[in-house]
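Trainee: The structure under discussion is supplied below as structure tokens; questions concerning it will follow.
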Amino acid sequence: GRNIALKQIAVQSSTYDSNKSGAKKAVDGNRDSDYYKYSCTHTDDNSNQLFWNVTLNPPATVDRFVIYNRI
């Protein structure tokens, strides 16, 4: 299937380093999971209610989703 979240608006509860790991990193198409290459998102560990969200525009029915874990 295709990535319907690509380049969509993403937000998260907190960001560990806003210059390197913002929510948009999860929808930029780069699947490199190495945090030190600044290619993935990372919430701030000090938050007790962590979330990440993407708004699909236009709205779509999702049959499956794939999450790539960072290393």
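Numbering (the UniProt record's numbering), first residue to last: 1 to 71. Every residue, glycine too, gets a C-beta built ideally from N, C-alpha and C.
#1: If asparagine 53 sits next to alanine 10, beta carbons under 8 Å apart, how far is it from one beta carbon to the other, in whole angstroms?
#2: Along the beta strand (DSSP E) that carries alanine 10, what are the first and last residues, could you check?
#3: Label threonine 55 either buried or exposed according to how many other C-beta atoms from any shown protein chain fall within 10 Å of its C-beta, with 16 as the threshold for buried.
#4: Quick test of your reading: glycine 22 and leucine 6, contact by CB under 8 Å. State the CB separation rounded to the nearest angstrom.
#5: Quick check on valine 54: does DSSP put it in helix, strand or coil?
Mentor: Per the coordinate set shown:
#1: Approximately 7 Å separates the beta-carbon atoms of asparagine 53 and alanine 10; this is inside 8 Å, confirming the contact.
#2: Element bounds for alanine 10: 9-12.
#3: Exposed, by the Cβ-count rule.
#4: Not really, about 16 Å apart at Cβ, beyond 8 Å.
#5: In the three-state scheme derived from DSSP, where H, G and I count as helix and E and B as strand, valine 54 is classed as strand.
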